[in-house]
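Student:
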Amino acid sequence: MPQRLPKLPTVLSLLIAALGILLIPGRADAIRIYDDPETGNHFEFTGYLQPFFRWVENDCVPLSIGGDCRKVEPPNGFGLQRGRLIFRGRSNDLATYELEIRSIPDLALLSAKITFDLPFGLELNLGRYRVPFSRQEMVSESRLQLIDRAQLIRLTPGRQLGSTLGWTWTPGLAFAPDATLRVEGGLFNGESDKARTPVMNIDSEFLGSFRAELHPFGLPRVVMEGDVRPVGERHRPLLTLGGHWTYETRGEQNENYREQMVGADLTLSWHGVFLYGEGFRRDRDYRNDRVDVDQHAWGYNLQLGVMVPVGILREHLELAGRVEETHFNIARNAERQNEITPDLPGIGPQRTDGRQPTRAYVGGLNWYFRGHDLKLQINYTHREEIGDWRLSIPNEDGERESRSVNNDSVYVQLTYRF
Numbered sequence: 064m065p066q067r068l069p070k071l072p073t074v075l076s077l078l079i080a081a082l083g084i085l086l087i088p089g090r091a092d093a094i095r096i097y098d099d100p101e102t103g104n105h106f107e108f109t110g111y112l113q114p115f116f117r118w119v120e121n122d123c124v125p126l127s128i129g130g131d132c133r134k135v136e137p138p139n140g141f142g143l144q145r146g147r148l149i150f151r152g153r154s155n156d157l158a159t160y161e162l163e164i165r166s167i168p169d170l171a172l173l174s175a176k177i178t179f180d181l182p183f184g185l186e187l188n189l190g191r192y193r194v195p196f197s198r199q200e201m202v203s204e205s206r207l208q209l210i211d212r213a214q215l216i217r218l219t220p221g222r223q224l225g226s227t228l229g230w231t232w233t234p235g236l237a238f239a240p241d242a243t244l245r246v247e248g249g250l251f252n253g254e255s256d257k258a259r260t261p262v263m264n265i266d267s268e269f270l271g272s273f274r275a276e277l278h279p280f281g282l283p284r285v286v287m288e289g290d291v292r293p294v295g296e297r298h299r300p301l302l303t304l305g306g307h308w309t310y311e312t313r314g315e316q317n318e319n320y321r322e323q324m325v326g327a328d329l330t331l332s333w334h335g336v337f338l339y340g341e342g343f344r345r346d347r348d349y350r351n352d353r354v355d356v357d358q359h360a361w362g363y364n365l366q367l368g369v370m371v372p373v374g375i376l377r378e379h380l381e382l383a384g385r386v387e388e389t390h391f392n393i394a395r396n397a398e399r400q401n402e403i404t405p406d407l408p409g410i411g412p413q414r415t416d417g418r419q420p421t422r423a424y425v426g427g428l429n430w431y432f433r434g435h436d437l438k439l440q441i442n443y444t445h446r447e448e449i450g451d452w453r454l455s456i457p458n459e460d461g462e463r464e465s466r467s468v469n470n471d472s473v474y475v476q477l478t479y480r481f
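If you use the working numbering, the sequence shown corresponds to residues 64 to 481, in order.
#1: Pick out whichever of E163, N139, A158, G142 has its Cα sitting closest to the Cα of F150.
#2: Between which two residues does the beta strand (DSSP E) holding N429 run?
#3: For G362 versus T330, is the C-beta spacing smaller than 8 Å?
#4: Can you tell me whether I216 is buried or exposed, with buried defined as 16 or more other CB within 10 angstroms of its CB?
#5: Inspect the CB distances between the segment 374-381 and the segment 418-432 and report whether three or more fall short of 8 Å.
#6: For Y339, I'd like the list of residues in its chain whose CB is within less than 6 Å of its CB, leaving aside the five on either flank, ordered along the chain.
#7: Would you kindly check if the distance between the Cβ of W232 and the Cβ of G281 is under 8 Å?
#8: Exposed or buried, which one is R347 when buried takes at least 16 other CB atoms within 10 Å?
#9: Taking only the alpha-carbon atoms, compute the straight-line gap between S226 and P220 and give it to the nearest angstrom.
#10: Thinking C-beta only, is G271 closer than 8 Å to T309?
#11: Give the straight-line distance between the Cα atoms of L112 and A394, rounded to the nearest whole angstrom.
#12: Do three or more CB pairs link the segment 196-211 to the segment 280-297 at distances below 8 Å?
#13: Output the distance between the C-alpha atoms of S332 and T303, rounded to the nearest integer angstrom.
#14: From L86 to V246, what distance separates their C-alpha atoms?
#15: Taking 8 Å as the threshold (C-beta atoms), are E387 and A213 in contact?
#16: When you compare the CB positions of R198 and D328, do they come within less than 8 Å of one another, or not?
#17: Taking all protein chains shown into account, do 16 or more other C-beta atoms lie within 10 angstroms of the C-beta of A360, making it buried, or fewer, making it exposed?
#18: Rounded to a whole number of angstroms, what is the C-alpha to C-alpha distance between I96 and G110?
#19: What did DSSP end up calling F481 once you bin it into helix, strand or coil?
#20: Hey, how far is the Cα of D256 from the Cα of E311?
#21: Alpha carbon to alpha carbon, how far is S174 from V336?
#22: Can you tell me which of R153, A237, E447 puts its alpha carbon nearest to the alpha carbon of P420?
#23: Tell me whether V373 is buried or exposed, calling it buried when 16 or more other Cβ atoms sit within 10 Å of its Cβ.
#24: Give me whichever residues DSSP pairs with P100 in a beta bridge.
#25: Counting C-beta neighbours from all protein chains within 10 Å, is the total for I210 16 or more, i.e. buried, or is it exposed?
#26: Could you name the residues of the same chain whose beta carbon sits closer than 6 Å to that of G306, not counting the 5 residues immediately before and after it, in chain order?
#27: Would you kindly work out how many angstroms separate the C-alpha atoms of L187 and L376, rounded to a whole number?
#28: Is S272 helix, strand or coil by DSSP?
#29: Got a sec, what are the start and stop residues for the alpha helix (DSSP H) I216 sits in?
#30: Between the C-alpha atoms of F108 and L148, what's the straight-line distance to the nearest angstrom?
#31: Using a threshold of 8 Å, state whether the C-beta atoms of V475 and Y443 are closer than that.
#32: What is the residue span of the beta strand (DSSP E) that N442 lies within?
#33: My output table needs one value for N392: the three-state DSSP class, helix, strand or coil.
#34: Just to confirm my understanding: we take R153, look at its own chain, exclude 5 residues before and 5 after, and list those with CB closer than 7 Å. What are they?
#35: What is the rounded straight-line gap between the Cα of T415 and the Cα of L228?
Structure below.
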């Protein structure tokens, strides 16, 4: 069967990326189209491209003996992970705005955020943007230390329509003059961009959120992973301690449940070492628990990276790794687990959506040409699904074949910010 040619937008994006690499700027400063120093009004845009190559050891898991299989990874080969445009500006003395547009796999408005600076360190945000929750989810995909975020991010709130009120306080303590506390609470519509791309959702069901961050040594200039600051600045530690919580209700027109999510994270950058740790739990209680099964989910992510402290390598080469584990659907009553993952004769557990509990080990090698503005990343991942998910009909040897994924993959990705 003849192979399909790449779509024109993908080809054009790859050509733009190739041209950009040849230019190799000093750093990716946003392009200012309009700037009025007297009023502070301005308009600028920036963005990034991420072409990649992927190899997956086994992209198919059998659903029946000698029968079909389910795909667990996209095909091998070249691709374009992301192509983004970001517009920022101020047109008056009341507020600033930011728009983020996605071009891969389709054209979509990801974020549209308006920010009002209020007295006493307050800040009001309105629009569609990421719910303040996991710090790793709040980092731009172009500034991640490893190519992909941890699996537990699949369960977090994502981008939603809503509003938040934030407060930033620097008390000016004698022993910690830069220490800063930031808290942010909000109300959102509860419709995540991970499920679909809602433009409007008018109903009486909401998601409430709260996040607090303590920065004992001051706020970082840029929220990113990896200590890729200039060598002369790495002696200053950057530490963030964060905690987050959300609460959501769903009515009868949806799934009729109450859901609470809590988590905490720690981020440390110092002398070229970057450490990140995160824990997360979700509890879902159905109003009609005789029909629906009360359940919870949990996960963790431990991540470490070190800039190689040798000569010129300390500016460019980083070794990184991560261990993570995520349990997606666990019945509160273990005797009812079969109702979530039924084991039917001849078919096996009905989890064809890749939501079995997983554990992954990721190793990364990063070369930073210009920090996160231009970098090459190589990731090796070993992923395994935890649990004995097996076909119900034995094979010729009388054994029940495993449906679990035990897979290795290699990703090579270039990030180019402009």
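No residue lacks a Cβ here, since even glycine has one placed at the ideal position from N, Cα and C.
Tutor: With the given structure in hand:
#1: As a first step, residue 150 must be located in the sequence shown, where it is residue number 87. Of the candidates E163, N139, A158, G142, the one whose C-alpha sits nearest the C-alpha of F150 is E163.
#2: Within the sequence shown, the letter at position 366 stands for residue 429. Note, N429: beta strand (DSSP E), 421-431.
#3: Mapped onto the sequence shown, residue 362 falls at position 299. Mapped onto the sequence shown, residue 330 falls at position 267. Result no, Cβ atoms of G362 and T330 do not sit closer than 8 Å.
#4: For the purposes of this step, residue 216 is identified with residue 153 of the sequence shown, where counting begins at 1. With 16 or more other Cβ atoms within 10 Å, it is buried.
#5: yes
#6: In the sequence shown, the residue the question calls residue 339 occupies position 276. T330, Q366, listed in sequence order.
#7: Locating residue 281 in the sequence shown gives position 218, counting from the first residue. Locating residue 232 in the sequence shown gives position 169, counting from the first residue. Cβ distance not < 8 Å, so G281 and W232 don't count as in contact.
#8: To locate residue 347, count along the sequence shown from 1; it is residue 284. Result: buried.
#9: Stepping through the sequence shown from its first residue, residue 226 is reached at position 163. Stepping through the sequence shown from its first residue, residue 220 is reached at position 157. If you take the alpha carbons of S226 and P220, they lie about 14 Å apart.
#10: Here residue 309 corresponds to residue number 246 of the sequence shown, with the count starting at 1. Here residue 271 corresponds to residue number 208 of the sequence shown, with the count starting at 1. Yes, the Cβ-Cβ distance between T309 and G271 is below 8 Å.
#11: Indexing the sequence shown from 1 puts residue 112 at position 49. Indexing the sequence shown from 1 puts residue 394 at position 331. Approximately 41 Å, taken between the alpha carbons.
#12: yes
#13: Here residue 332 corresponds to residue number 269 of the sequence shown, with the count starting at 1. Here residue 303 corresponds to residue number 240 of the sequence shown, with the count starting at 1. For S332 and T303, the distance between alpha carbons rounds to 9 Å.
#14: Numbered from its first residue, the sequence shown carries residue 86 at position 23. Numbered from its first residue, the sequence shown carries residue 246 at position 183. The predicted model places L86 with a pLDDT of 46, which falls under 50 and marks its position as unreliable; any figure quoted below should be read in that light. If you take the alpha carbons of L86 and V246, they lie about 41 Å apart.
#15: Looking up residue 213 in the sequence shown gives position 150. Looking up residue 387 in the sequence shown gives position 324. In contact: A213 and E387 (Cβ atoms closer than 8 Å).
#16: Working through the sequence shown from its first residue, we reach residue 198 at position 135. Working through the sequence shown from its first residue, we reach residue 328 at position 265. Yes.
#17: Taking the first residue of the sequence shown as position 1, residue 360 is located at position 297. By the neighbour-count rule (16 or more Cβ atoms within 10 Å), A360 is buried.
#18: Taking the first residue of the sequence shown as 1, we reach residue 96 at position 33. Taking the first residue of the sequence shown as 1, we reach residue 110 at position 47. So the two alpha carbons sit approximately 14 Å from each other.
#19: Position 418 of the sequence shown, counted from the start, is the residue given in the question as residue 481. Coil, per DSSP.
#20: For the purposes of this step, residue 256 is taken as residue 193 along the sequence shown, with counting starting at 1. For the purposes of this step, residue 311 is taken as residue 248 along the sequence shown, with counting starting at 1. Straight-line Cα distance between these residues: approximately 16 Å.
#21: Looking up residue 174 in the sequence shown gives position 111. Looking up residue 336 in the sequence shown gives position 273. The straight-line gap from Cα to Cα measures roughly 32 Å.
#22: Residue numbering aside, residue 420 sits at position 357 when the sequence shown is read from its first letter. Considering only alpha carbons, the answer is E447.
#23: Counting from one through the sequence shown, the residue named residue 373 turns up at place 310. The residue is exposed, with fewer than 16 neighbouring Cβ atoms inside 10 Å.
#24: Walking along the sequence shown from the start, residue 100 turns up at place 37. In DSSP, P100 forms no bridge with anything.
#25: Position 147 of the sequence shown holds residue 210. With 16 or more other Cβ atoms within 10 Å, it is buried.
#26: The sequence position of residue 306 within the sequence shown is 243, counting from 1. Correct list, in chain order: A275, A327.
#27: Looking up residue 187 in the sequence shown gives position 124. Looking up residue 376 in the sequence shown gives position 313. Cα to Cα, L187 sits roughly 42 Å from L376.
#28: In the sequence shown, residue 272 corresponds to position 209, counting from 1. Strand at S272.
#29: As a first step, residue 216 must be located in the sequence shown, where it is residue number 153. No alpha helix (DSSP H) contains I216, which DSSP labels as neither H nor E.
#30: Sequence index remark: in the sequence shown, residue 108 carries index 45 (1-based). Sequence index remark: in the sequence shown, residue 148 carries index 85 (1-based). Straight-line Cα distance between these residues: approximately 7 Å.
#31: In the sequence shown, counting from the first residue as 1, residue 475 sits at position 412. In the sequence shown, counting from the first residue as 1, residue 443 sits at position 380. No.
#32: Within the sequence shown, residue 442 is the residue found at index 379, counting from 1. N442 -> beta strand (DSSP E) spans 437-448.
#33: Working through the sequence shown from its first residue, we reach residue 392 at position 329. Looking at N392 - three-state DSSP - the assignment turns out to be strand.
#34: Taking the first residue of the sequence shown as position 1, residue 153 is located at position 90. Contacts found: G103, N104, H105, T159.
#35: Translated into positions along the sequence shown, residue 415 becomes position 352. Translated into positions along the sequence shown, residue 228 becomes position 165. Legend: pLDDT at T415 = 45, less than 50; position of this residue unreliable, value from coordinates given subsequently. T415 and L228: Cα-Cα distance of roughly 40 Å.
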